[in-house]
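Participant: Take the sequence shown: its letter number 387 is residue 400 in my numbering, and every next letter is one higher.
Using N, Cα and C, we set each Cβ at its ideal position, and we do this for glycine too.
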Amino acid sequence: MDEVIIVGAGVGGLTLGLALHQAKIPCRIFESVPELRAVGVGINLLPHATKELAALGLEDALAKVAIQTTDATFFNRFGQLIYQEPLGRAAGYDHPQFSIHRGDLQMVLLEAFRAHAGADRVVTGRHCLGVAQDDGGVTLTFSDGPGGKERFTVRGRVAIACDGINSVIRKQFFPDEGEPRYSGVNMWRGVTRWKPMLSGASMVRAGWLSHGKMVIYPIRAAGSDGLQLINWVAEIETPNYRKRDWNREGSLDDFIGPFSDWHFDWLDVPAFIRAADSVLEFPMVDQDPLPRWSFGRVTLLGDAAHPMVPRGSNGAGQAILDAKALTAALTEIPDSVAALAAYEKQRLEATTRIVLTNRTNPPDAILREVFQRTHDRPFKTIDDVISREELVALSDGYKRIAGYSKEALRR
Ligand SMILES: Cc1cc2nc3c(=O)[nH]c(=O)nc-3n(C[C@H](O)[C@H](O)[C@H](O)COP(=O)(O)OP(=O)(O)OC[C@H]3O[C@@H](n4cnc5c(N)ncnc54)[C@H](O)[C@@H]3O)c2cc1C
Numbered sequence: 014m015d016e017v018i019i020v021g022a023g024v025g026g027l028t029l030g031l032a033l034h035q036a037k038i039p040c041r042i043f044e045s046v047p048e049l050r051a052v053g054v055g056i057n058l059l060p061h062a063t064k065e066l067a068a069l070g071l072e073d074a075l076a077k078v079a080i081q082t083t084d085a086t087f088f089n090r091f092g093q094l095i096y097q098e099p100l101g102r103a104a105g106y107d108h109p110q111f112s113i114h115r116g117d118l119q120m121v122l123l124e125a126f127r128a129h130a131g132a133d134r135v136v137t138g139r140h141c142l143g144v145a146q147d148d149g150g151v152t153l154t155f156s157d158g159p160g161g162k163e164r165f166t167v168r169g170r171v172a173i174a175c176d177g178i179n180s181v182i183r184k185q186f187f188p189d190e191g192e193p194r195y196s197g198v199n200m201w202r203g204v205t206r207w208k209p210m211l212s213g214a215s216m217v218r219a220g221w222l223s224h225g226k227m228v229i230y231p232i233r234a235a236g237s238d239g240l241q242l243i244n245w246v247a248e249i250e251t252p253n254y255r256k257r258d259w260n261r262e263g264s265l266d267d268f269i270g271p272f273s274d275w276h277f278d279w280l281d282v283p284a285f286i287r288a289a290d291s292v293l294e295f296p297m298v299d300q301d302p303l304p305r306w307s308f309g310r311v312t313l314l315g316d317a318a319h320p321m322v323p324r325g326s327n328g329a330g331q332a333i334l335d336a337k338a339l340t341a342a343l344t345e346i347p348d349s350v351a352a353l354a355a356y357e358k359q360r361l362e363a364t365t366r367i368v369l370t371n372r373t374n375p376p377d378a379i380l381r382e383v384f385q386r387t388h389d390r391p392f393k394t395i396d397d398v399i400s401r402e403e404l405v406a407l408s409d410g411y412k413r414i415a416g417y418s419k420e421a422l423r424r
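1) Less than 7 angstroms between the CB of Pro323 and some heavy atom of ligand 1, yes or no?
2) With distance defined between alpha-carbon atoms, name the residue in Ile232, Leu100, Gly116, Gln119 nearest to Gln110.
3) Quick check: Phe165 and Arg206, are their CB atoms within less than 8 angstroms of each other?
4) If you compare alpha carbons, which of Val20, Gln385, Thr28 is closest to Ser223?
5) Using only the alpha-carbon positions, how far apart do Ala103 and Asp157 sit?
6) Ser307: which of Thr28, Leu339, Thr63, Gln331 sits nearest, CA to CA?
7) Could you tell me which whole alpha helix (DSSP H) segments of length 4 or greater appear in the region 71-95?
8) Taking the alpha carbon of Lys64 as the point to measure from, which residue in Leu407, Gly23, Glu362, Gln331 has its own alpha carbon closest?
9) Determine the burial state of Phe26: buried for a count of at least 16 other Cβ atoms within 10 Å of its Cβ, exposed for fewer.
10) In or out: Glu357 buried (at least 16 other Cβ within 10 Å) or exposed?
11) Three or more beta-carbon pairs under 8 angstroms between the region 66-76 and the region 23-40, yes or no?
12) Measuring CB atoms only, is the region 229-238 touching the region 182-199, in the sense that at least three cross pairs come out at less than 8 angstroms?
13) Rounded to the nearest angstrom, how far is the Cβ of Met200 from that of Ala247, given a contact under 8 angstroms?
14) In chain order, what residues of the same chain have a beta carbon less than 6 angstroms from the beta carbon of His34, not counting five sequence neighbours either side?
15) Can you give me the C-alpha to C-alpha distance between Cys40 and Ala22, rounded to a whole angstrom?
16) From Pro323 to Asn371, what distance separates their C-alpha atoms?
17) If you reduce the DSSP assignment to three classes, tell me which class Asp238 lands in.
18) Unbroken beta strand (DSSP E) runs of length 3 or more, entirely within the region 25-71: which are they?
19) Using a threshold of 7 angstroms, is the CB atom of Cys141 nearer than that to any non-hydrogen atom of ligand 1?
20) Cα-Cα, which of Ala415, Phe155, Lys208 is closest to Ile367?
21) When the Cα of Cys141 is compared with those of Phe155, Gly149, Leu380, which residue comes out closest?
22) Taking 7 angstroms as the limit between beta carbons, can you name the residues of its chain near Ala32, skipping five residues before and five after?
23) Let me check understanding here. Comparing Cα to Cα, which of Gly177, Cys175, Arg170 lies closest to Ala145?
24) Taking the beta strand (DSSP E) that Ile173 falls in, what are its first and last residues?
25) How long is the line joining the alpha carbons of Ala174 and Thr312, rounded to whole angstroms?
26) Which term fits Pro347, buried or exposed, when burial requires 16 or more other beta carbons within 10 angstroms of its beta carbon?
27) Beta carbon of Ser215, beta carbon of Thr86: below 8 angstroms?
28) What is the DSSP secondary structure of Ser291, counted as helix, strand or coil?
29) Are the beta-carbon atoms of Val24 and Gly315 separated by less than 8 angstroms?
As structure tokens, then:
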């Protein structure tokens, strides 16, 4: 009855569970799927997030399964280098940037939570249908998985919706919100086993959305065959899209055309795409920021609170920062309702800025500037197109908004 009830064992829910357990606040996580498996493809964790995960004692476990990313490198679609900057520890941060398989991240969090809090603290096959509340607490209703016939109720002190972009609890409080907002860009995502490219730990962005953009970075170290698992995302402006589903299979023919002549000295892109283990298709969507997340004893966290287009490597990171802020509020403020309101006050405005900036000026604005100024033609030298100072200012501006400038983290 004194427990914090967490809905969803994704990145946000599990991090919150670990943080609450560390703060000695009892909690239980209820997850829709019958069994948690390592699904998804690549994700990046920037130093503001890895700092929090290190405080939960997870840095070594993550370093074993992730790549410590050393540089961000930008090219045009002719393979010309536009800009390169160091990342994570290589840039002088106290914590690394990790490029990691989403499933590996989820499994590290899950194993740590089960080991510390107890395996019975995560209950799978419980799909949340809704939440009610009274002066004494919350009552959540679950079915035995999506579409399941059985019903279960659970009482708790507060309920935290960490149920992702299709959040049932968000819909309960905002029934007229409608479907997520399509950005006009469709994504095809995959992983390919390939030999290390560039530094072997580079995060590459190339091209531009109107003619095809690629994001490429390794997420698992090379095995005995010398091949890394390399994550890639092809992003193309596309008027129509099929319904969102994290696991929808994509077809090569739908997107490989714009990349067919991308033969660079550091990568043969069409050959690399064709060698993929699998291809997933997902529309780039977000939601307009909400006016509030907290309703008495219930609040939203992570993608349930602020789904954002994945153009700044901040989706998982902001869920992790939410978990830290909410744990601090519940630790410091004895009244549960006041604690959830304080959490919202600290995080809503900050994440709203990121959601909106990801639409207009994420780090790949560097590619847009060069695309527009060169009218999509090769350049002689990049200095004729854009100065180093402008490139640095574009990159640093996003870091400040997303809260991971070096100065902010040292503070
Ligand atoms: C299957 C899957 C694959 C993904 N793949 C990628 C990827 O490849 N790259 C990327 O950048 N991001 C991916 N994401 C999204 C990414 O994990 C999030 O953007 C980010 O980490 C924020 O985490 P979150 O905890 O808010 O949401 P999520 O990580 O999406 O977690 C939400 C959790 O809630 C559970 N859930 C949903 N509805 C209910 C319900 N009604 N009752 C109980 N539990 C519920 C889900 O099963 C999931 O475990 C994926 C998400 C999912 C669910």
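Facilitator: Working from what's here:
1) yes
2) Leu100
3) no
4) Gln385
5) 47 angstroms
6) Leu339
7) 72-78
8) Gln331
9) Going by the sequence as given, residue 26 is Gly instead of Phe. Buried: at least 16 other Cβ atoms inside 10 Å.
10) buried
11) yes
12) no
13) 7 angstroms
14) His129, Ala130
15) 12 angstroms
16) 8 angstroms
17) coil
18) 40-43, 55-58
19) yes
20) Ala415
21) Phe155
22) Leu69, Ala336, Lys337, Thr340
23) Arg170
24) 171-174
25) 6 angstroms
26) exposed
27) yes
28) strand
29) yes
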